[in-house]
Amino acid sequence: MVSWNSLLGVHARNADLDEVLALFELMPEKNLVSWNSLLSACARTGEIQVAMQVFESMAQWDLFSWNTMLAAFAQQGALEQANYLFKNIPERDRVSWNSMLTLHTESGHVDQAKNLFEEMPQHDLVTWTCMLVVNTQRGLVDDAKSVWMSMPEWDLISCTTIMCAYVSDGELKEARRIFDQLPQRDTVSQSAMISAYAQSGHLEDAKLLLNEMPLQNLICWNEILAATAQEGRVQRARQMFEEMPHHD
RNA sequence: AAGAACUUUGGAU
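Here this note's numbering = 1-based position in the first sequence + 1187.
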C-alpha cells in the first residue's frame, strides 16, 4: 500500500493526472493518503472542478485533505471558496494559514496579507517568505527589506527571495553579494541569478555563472539564449542551442 | 517532548 502511494505521489507531484487516475483504478486498496494524492494531482493540474468532486466524494478528510483543497483554491485565487472552507474545517494548522496567505501573495494584495499575518497564531519561514514575496511583487522592496530584518531565522528559500527583491529593484551587485553568501546553492538560486544577469544585458556574467553550475537546467539556457537573440546575434543563439546539453 | 516509510503551504521562468 505504501509503495502504491509512493508511486501515486510521484505522478501527483509531476501533475500527471492521467497517470494518477490510471494507478488509482489499478490499486487493490486505497486509504486516505491515496485519496489525498489524487486530490493533490487535480489541484496541481488546475482541475479545480474535478478536485472539488473528488473532495466531496471522499469518505473522510484530514488536515492534508483540507489543506490540499485550500491550496487549490488559493492557486486559483478563489477567495470566497477558500474563506468558506477555511472557516468551516474542524481544525487548522500552520499549513492551512499559510495557504490562505499565499492566496493574497499571488494576487499581490499586500494589505490583506498583512491583516492575515497579524491574525495568524504562528509565523514560520513559509509565512515570512510570503510576506517578502508580496511586498516585492508590489515593488515595495524597502518593505521587503524590513520584513527581512524582522525575521527570526532564514533559509535558502528566503535568502533567494530577498536576492530576487534586490534584482527587481535593479540592485544587481547587492544581489550578487547575497548570492555569494548563500548557505547553499540549488538550481533555483542559480537560475535566479543567471536570469537576473541575462535579463539585464549582462550576458557574460550569465554565461560565466552557467559554466560554474553543477546543475544546469533548461530555464538558464532559455534565459541565455533569449538574451543572445535579443542582442541580435541569432546565428550565435542557434549555434548555442545545438551545443546545449540534453539533461532535463 | 528518543528513532520510524506514502499525501498538503513559501523562492528562479
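The beta-carbon is built from N, C-alpha and C at its ideal position, and this holds for glycine as well.
Using a Cβ-Cβ cut-off of 6 Å (strictly less than) and excluding sequence neighbours within five positions of residue i, which residues of its own chain qualify?
i: residue 1276; result: 1253
i: residue 1407; result: 1378, 1381 and 1397
i: residue 1374; result: 1402 and 1404
i: residue 1294; result: 1264
i: residue 1198; result: 1206 and 1207
i: residue 1228; result: 1199, 1204 and 1207
i: residue 1421; result: none
i: residue 1298; result: none
i: residue 1338; result: 1315
i: residue 1371; result: 1343
i: residue 1330; result: 1322
Contact defined as beta carbons within less than 8 Å: I believe residue i pairs with residue j. What is the distance between those atoms, to the nearest angstrom?
i: residue 1272; j: residue 1291; result: Actually they are not in contact, since the Cβ atoms of residue 1272 and residue 1291 sit about 16 Å apart, beyond 8 Å.
i: residue 1262; j: residue 1219; result: Not really, about 22 Å apart at Cβ, beyond 8 Å.
i: residue 1201; j: residue 1224; result: Actually they are not in contact, since the Cβ atoms of residue 1201 and residue 1224 sit about 12 Å apart, beyond 8 Å.
i: residue 1226; j: residue 1255; result: 5 Å
i: residue 1211; j: residue 1194; result: With 8 Å as the limit, residue 1211 and residue 1194 do not qualify as a contact, their Cβ atoms being about 10 Å apart.
i: residue 1222; j: residue 1239; result: About 14 Å separates the two Cβ atoms, so there is no contact after all.
Which same chain residues, not among the five before or five after residue i, have their C-beta less than 8 Å away from its C-beta?
i: residue 1314; result: 1281, 1284, 1285, 1288, 1304 and 1307
i: residue 1410; result: 1378, 1381, 1382, 1385, 1386 and 1393
i: residue 1355; result: 1323, 1326 and 1328
i: residue 1216; result: 1188
i: residue 1376; result: 1343, 1346, 1347, 1350, 1366 and 1369
Starting from residue i, trace the alpha helix (DSSP H) in both directions and tell me its first and last residue.
i: residue 1310; result: Run containing residue 1310: none; DSSP gives neither H nor E here.
i: residue 1231; result: 1219-1231
i: residue 1419; result: Here residue 1419 belongs to no alpha helix (DSSP H), and DSSP marks it neither H nor E.
i: residue 1281; result: 1281-1294
i: residue 1192; result: 1189-1200
Under three-state DSSP, which class holds residue i?
i: residue 1345; result: helix
i: residue 1252; result: helix
i: residue 1265; result: coil
i: residue 1387; result: coil
i: residue 1246; result: coil
i: residue 1368; result: coil
i: residue 1425; result: helix
i: residue 1325; result: coil
i: residue 1393; result: helix
i: residue 1204; result: helix
i: residue 1236; result: helix
i: residue 1403; result: coil
i: residue 1336; result: helix
i: residue 1318; result: helix
i: residue 1381; result: helix
Here's a check: name, in chain order, each residue in its chain whose Cβ is nearer than 7 Å to the Cβ of residue i, leaving out the five neighbours to either side.
i: residue 1318; result: 1300, 1304 and 1334
i: residue 1257; result: 1269, 1272, 1273, 1283, 1286 and 1287
i: residue 1357; result: none
i: residue 1424; result: 1412, 1415 and 1416
Looking at residue i: is its Cβ nearer than 9 Å to the Cβ of residue j?
i: residue 1402; j: residue 1369; result: no
i: residue 1427; j: residue 1415; result: yes
i: residue 1412; j: residue 1389; result: no
i: residue 1278; j: residue 1250; result: yes
i: residue 1345; j: residue 1323; result: no
i: residue 1328; j: residue 1362; result: no
i: residue 1209; j: residue 1230; result: no
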